[in-house]
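Under our numbering, the letters of the sequence shown match residues 5 to 205, in that order.
Virtual Cβ for every residue (Gly too), placed ideally from N, Cα, C.
Have a look at the structure below before the remarks.
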Amino acid sequence: MEESDKSSSDISPDKWNKLGSKRGVDTLIRSTYRTQVDLTSVADGKANIMISINGIILSVILATILPQIADQSWTVIPTAILIFSSVITLVLAVLAAIPRVTRRKVSLEQIRRNKESILFFGHFAHLSRGEFEQGLRDVLFDREMVYGNLIRDIYNAGVVLEKKFRLLRLSYIAFITGIVVSLAAYVVFFSSSASVGSLGI
Numbered sequence: 005m006e007e008s009d010k011s012s013s014d015i016s017p018d019k020w021n022k023l024g025s026k027r028g029v030d031t032l033i034r035s036t037y038r039t040q041v042d043l044t045s046v047a048d049g050k051a052n053i054m055i056s057i058n059g060i061i062l063s064v065i066l067a068t069i070l071p072q073i074a075d076q077s078w079t080v081i082p083t084a085i086l087i088f089s090s091v092i093t094l095v096l097a098v099l100a101a102i103p104r105v106t107r108r109k110v111s112l113e114q115i116r117r118n119k120e121s122i123l124f125f126g127h128f129a130h131l132s133r134g135e136f137e138q139g140l141r142d143v144l145f146d147r148e149m150v151y152g153n154l155i156r157d158i159y160n161a162g163v164v165l166e167k168k169f170r171l172l173r174l175s176y177i178a179f180i181t182g183i184v185v186s187l188a189a190y191v192v193f194f195s196s197s198a199s200v201g202s203l204g205i
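And the structure:
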């Protein structure tokens, strides 16, 4: 995950004191978290659909079409287009589904200074159990640190989600383009082959 350039600790104490009601802030954060979790599930589900569909397409091509290419040479180019687009789509979908986690060492002092989030497992996994418990206690008893950690987590989750949907969009574009172009190629080359055959060439 990527970190925000501007830390929430840069916010002045006066602004923290003017923060909205605890209930309203908690509702906002909870709603944002839920939306991001739901969108992540949607993205992963769509990526899995692309992986399944293109896996089936490649399996069918390898099992039925490739063995007959020698007898039907006109299918070579359309089939190659379909294989290429399916592989590209599959790779993009897999990249969208792969979990993106940055594992870098974070010290207890960084957490206490409200520079890093203790809520992200990629950070606290490098701490000892005692350091984690102490760091979490420090956060729980400091309102600024609580919201600072939540703000960073929301931002980082959004960055990951944006990358997922960008790759997913490219995957769908590659899939649709490949299907349309390969079908057009099949029609063109089949028509050409039929015309040549009717002329007895």
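| query | result |
| --- | --- |
| Just to confirm, are Lys168 and Ala47 a CB contact at a threshold of 7 angstroms? | yes |
| I'd like to know whether the C-beta atoms of Val143 and Ile122 end up nearer to each other than 7 angstroms. | yes |
| Taking just the CA atoms, how far does Arg170 sit from Leu94? | 14 angstroms |
| From the DSSP output, in three-state form, read off Val29 for me. | helix |
| Below 8 angstroms on the Cβ atoms is my guess for Ala178 versus Leu112; work out the distance and round it to an integer in Å. | Not quite, the Cβ-Cβ distance comes to about 45 angstroms (not below 8 angstroms), so this is no contact. |
| Taking DSSP as the reference, what is the three-state secondary structure of Ile102? | coil |
| Helix, strand or coil for Glu120 per DSSP? | coil |
| Please state whether DSSP places Phe145 in a helix, a strand or coil. | coil |
| So His127 is in the alpha helix (DSSP H); what residue range does that whole segment cover? | 125–128 |
| Contact defined as beta carbons within less than 8 angstroms: I believe Ile87 pairs with Ile65. What is the distance between those atoms, to the nearest angstrom? | 6 angstroms |
| What's the gap between the Cα of Ser175 and the Cα of Met54? | 8 angstroms |
| With DSSP as the reference, label Leu131 as helix, strand or coil. | coil |
| Evaluate Gly28 with the Cβ neighbour count: other Cβ atoms within 10 Å of its Cβ, from every protein chain shown; 16 or more gives buried, anything less gives exposed. | exposed |
| Cβ atoms of Val164 and Arg117: under 7 angstroms apart, would you say? | no |
| What's the C-alpha gap between Gly49 and Tyr37? | 18 angstroms |
| Quick check on DSSP: helix, strand or coil for Ile205? | Low local confidence applies: a pLDDT of 49 at Ile205 is under 50, so the model's placement there is unreliable, and no value is given. |
| What does the Cβ neighbour count give for Ser90, buried or exposed, with the cut at 16 atoms within 10 Å? | buried |
| Less than 8 angstroms between the CB atoms is what I'm expecting for Phe125 and Phe136, so what's the real figure, rounded? | Phe125 to Phe136, Cβ: 10 angstroms. No contact. |
| When you compare each of Ala100, Gly134, Phe145, Glu120 to Arg173 by their alpha carbons, which one comes out closest? | Ala100 |
| Would you mind sorting Lys10 into buried or exposed? The rule is 16 or more other CB atoms within 10 Å of its CB. | With a pLDDT of only 49 at Lys10, under the threshold of 50, the placement of this residue in the model should not be trusted; the figure read from the coordinates follows. Exposed, by the Cβ-count rule. |
| Around the Cβ of Gly134, are there at least 16 other Cβ atoms within 10 angstroms (buried) or fewer (exposed)? | exposed |
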